[in-house]
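Asker: In the UniProt record's numbering, the protein residues as written are 1 to 385. Could you have a look at this structure, given as structure tokens, before my questions?
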């Protein structure tokens, strides 16, 4: 019953002061996402097609291996692929027995080794093109064999073979690269990109607000008054986190729903969005509890403000200006909010949580660990106060 009363009190306070809380907690991240998204959308250009420098190691030296190299490096694909034996980033190894494996439909791997400045996205493009080429060639071989087995006239057989050859010639390299570039490296709109950064900013900002609220309760002596009642330390700890979690969930939902209704971001499956929001709320509550139990007000706020500064530096800076392999881009993979941004990014890209389930599981584990450690520490610390 106490928990329900605590929840009702929290909801009443939130809705009573909703306009003020909305202005202070949601308008800033929304304004950043929309303003920066609009600015970058109006000034950005279409992304350039990557320049892929490769070297081929043809251990088979057969007709099919030579055709594979030719289709990857013919005149139409010069925009995408360049053979550069000195400064290559990708080494494509065609193993011995490639042609025999193709004819007999046996498994055989073509390796794409990444160099020092290679991009895994470009490697995916190469592998996808090779897979498509191999699949089309194999289909042609099977059709040819079946034609040989059929009792049809030579003229009909030649006509069908000509038709097959024309179809195989339509494996246009530029079309393959265009298709697989979109599949391998989906691109955020400027609004989606900054909505991710602003979500992370909003997440930490809400943690700061509700953590400061908990410290204020202790500074005002509320804990000592509660300690004189039958309420236990564990109950006080849990109820405080519950009230904070409700506020964090509501204002994070306000943020994502506004962007969703405007059609700017978060357009995926709504149920999956709710699941993500619940997980993020648990993580935020766990962090609040951990910092509340282990640190004092000043040190915890200094730590969180430092994290926010790092988030703003790496989240709002247009990384495409420095390139994918730059030091700045690599450092952004080690920011404190990397799990949050990757989860949100995956949802926005694919519209579901299927590809970010492992991140959600990790975040749930972090939330549980933070909560339990904070609970134990709070009971020990507050017992001595």
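We put the beta carbon where it would ideally sit given N, CA and C, even for glycine.
Whole-angstrom Cβ separation of residue 265 and residue 348, contact assumed at under 8 Å?
Answerer: Residue 265 to residue 348, Cβ: 6 Å. Contact.
Asker: With respect to the alpha helix (DSSP H) encompassing residue 350, which residues constitute its N-terminal and C-terminal limits?
Answerer: 338–350 is the span of the alpha helix (DSSP H), which, as asked, contains residue 350.
Asker: Residue 175 by DSSP, collapsed to three states: which one?
Answerer: Caution is warranted here: a pLDDT of 46 is assigned to residue 175, below 50, making its placement in the model unreliable, and no coordinate value can be reported.
Asker: Tell me the DSSP secondary structure of residue 86 in three-state form.
Answerer: Residue 86 falls in the coil class under three-state DSSP.
Asker: If you draw a straight line from the C-alpha of residue 357 to the C-alpha of residue 338, how long is it?
Answerer: Looking at the two C-alpha atoms, the distance is approximately 15 Å.
Asker: Please report the distance separating the alpha-carbon of residue 196 from that of residue 272.
Answerer: Rounded to the nearest angstrom, the two C-alpha atoms are 16 Å apart.
Asker: Is residue 241 close to chain B? Criterion is C-beta to C-beta, closer than 9 Å.
Answerer: Included in the structure is just one protein chain, with no chain B present.
Asker: Thinking C-beta only, is residue 200 closer than 9 Å to residue 306?
Answerer: Their beta carbons are not under 9 Å apart, which means residue 306 does not touch residue 200 by this criterion.
Asker: Got a sec? Which residues, its chain only, sit under 7 Å from residue 287 by beta carbon, not counting five neighbours each side?
Answerer: Counting only Cβ-Cβ distances below 7 Å, and skipping sequence neighbours, we find 207 and 370.
Asker: Give the straight-line distance between the Cα atoms of residue 188 and residue 29, rounded to the nearest whole angstrom.
Answerer: Near 18 Å, if we compare the C-alpha coordinates of residue 29 and residue 188.
Asker: Once you ignore the five residues that flank residue 63 on each side, which residues in its own chain have a CB closer than 8 Å to its CB?
Answerer: 99.
Asker: Would you mind working out which of 263, 278, 141 and 144 sits nearest residue 248, comparing C-alpha positions?
Answerer: For the residues 263, 278, 141 and 144, the minimum Cα distance to residue 248 belongs to 278.
Asker: Can you tell me whether DSSP reads residue 106 as helix, strand or coil?
Answerer: Note: residue 106 maps to coil in three-state DSSP.
Asker: Which two residues bound the contiguous alpha helix (DSSP H) that contains residue 291?
Answerer: Where residue 291 is concerned, the enclosing alpha helix (DSSP H) stretches over 270–294.
Asker: Less than 9 Å separating the beta-carbons of residue 373 and residue 290?
Answerer: Cβ distance < 9 Å, so residue 373 and residue 290 count as in contact.
Asker: Please list the terminal residues of the continuous alpha helix (DSSP H) segment that includes residue 354.
Answerer: Unbroken run through residue 354: none, as it is neither H nor E.
Asker: Of all the options 234, 91 and 58, which has the alpha carbon lying nearest to the alpha carbon of residue 377?
Answerer: For the residues 234, 91 and 58, the minimum Cα distance to residue 377 belongs to 234.
Asker: Can you give the Cα-Cα distance for residue 267 and residue 239, rounded to whole angstroms?
Answerer: So the alpha carbons of these two residues sit roughly 33 Å apart.
Asker: For residue 269, collect the residues of the same chain with a Cβ closer than 7 Å to its Cβ; drop the 5 residues on either side in sequence, then sort them by chain order.
Answerer: Closer than 7 Å at the Cβ level, and outside the excluded window around residue 269, lie 351 and 352.
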